[in-house]
Amino acid sequence: MKIFQSSLCLYCHSPIRESAGWANIFFLEEADLLCLACRSRLISIQGNTCVICCKPLQTGDKCPDCEEWLVDPMFGQALDYNVSLYTYNPFMKDVIARFKYRGDYELARIFAAELRKKAPKAHFVIPIPLSDERLNERGFNQAVAIGMMAGMVLENGLVRVHGEKQSKKSRYDRIHTEQVFRIHPKASDFQDKTILILDDIYTTGTTLRHAGALLKEAGAKRIISLTIAR
């Protein structure tokens, strides 16, 4: 037996008509949260990609940026690989801006199912932290929000040292900035562990590598990152 229910798209607020069987009700399966038009604007990253950063490639297995990172004496081994769900197109840019800067917290639910599906196995999941100033300004940490919406058990493993927003720095300044994190004083023992770092966007990879380098100094064996967009 089928029943019909309607809800509103979390992005454009148009009605969504869903067909649901009794199994969906009793087992509480996740309903679609976007209308078909908005869902079609989410472009999944597929096909041939860089084995390190997940950037789509025409040929080869590593992008030029990651080739450069690999020879960096400080950060060359900081990140084993990254998994990103979607391309950072104009639609995704606006979704993240509304979620991240305008406080539309519910938008994090859009990514929950795919995050659970694509998340590599790890001993700990550590969200990229915000500075106290940035956290007070936004009211929440976007990396924590997407992890919680996905039902992940999060480890408070890093503390952010106050500094200028990475998004306001040039690529050169991002790469050559000083370490922006320290290990949380109450962090777990990371010795020989695989750690999954969670963030919203992979841009240059600098933030993730700063975190990864510090965690490897603390004994972590493997560092993987998971981001919504790339």
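Numbering (this note's numbering), first residue to last: -5 to 224.
Note that CB positions come from ideal geometry on N, CA and C, so glycine has one too.
Where residue i falls: helix, strand or coil (DSSP)
i, result
"TYR95", "coil"
"GLU24", "Its pLDDT being 48, under 50, GLU24 is placed unreliably by the model, and nothing is read from it."
"ALA72", "coil"
"ASP193", "strand"
"THR81", "coil"
"ALA212", "coil"
"THR188", "strand"
Exposure label - residue i; buried when at least 16 CB within 10 Å
i, result
"VAL138", "buried"
"GLN52", "exposed"
"LEU225", "Absent from the model: residue 225. The displayed extent of the chain is -5 to 224, so no value can be given."
"ARG110", "exposed"
"ASP183", "exposed"
"GLY206", "buried"
"LEU2", "exposed"
"ASN130", "exposed"
"ASP66", "exposed"
"SER8", "exposed"
"ASP194", "buried"
"TYR196", "buried"
Min CB distance residue i to chain D below 7 Å
i, result
"GLN52", "Absent here is chain D; the protein component of the structure consists of one chain."
Closest by C-alpha distance to residue i, when choosing among the options
i, options, result
"VAL89", "ILE140, ARG154, LYS111", "ILE140"
"PHE134", "GLU100, PRO114, ALA212, GLY151", "GLU100"
"LEU176", "CYS57, GLY54, VAL153, THR198", "Here the sequence assigns Arg to residue 176, which means Leu is not the residue at that position. The candidate whose alpha carbon is nearest that of ARG176 is VAL153."
"LYS180", "ASN150, VAL45, THR198", "ASN150"
"GLN185", "LEU208, ALA107, PHE69, CYS57", "LEU208"
"GLY199", "ASP26, ASP126, CYS6, ILE46", "ILE46"
**Item:** the region 108 to 121 contacting the region 174 to 191, beta-carbon criterion three pairs below 8 Å
**Value:** The region 108 to 121 is in contact with the region 174 to 191.
Taking only runs that begin and end inside the region 22 to 68, name each unbroken alpha helix (DSSP H) of 4 or more residues, in chain order.
Correct list: 30 to 33, 58 to 64.
Can we say the region 80 to 94 touches the region 36 to 52, given the rule of at least three CB pairs closer than 8 Å? Taking 8 Å as the limit for Cβ pairs, the verdict is that the region 36 to 52 does touch the region 80 to 94.
### Query
Can you list the alpha helix (DSSP H) stretches of 4 or more residues lying completely in the region 99 to 129, in chain order?
List check, alpha helix (DSSP H) in window: 106 to 112.
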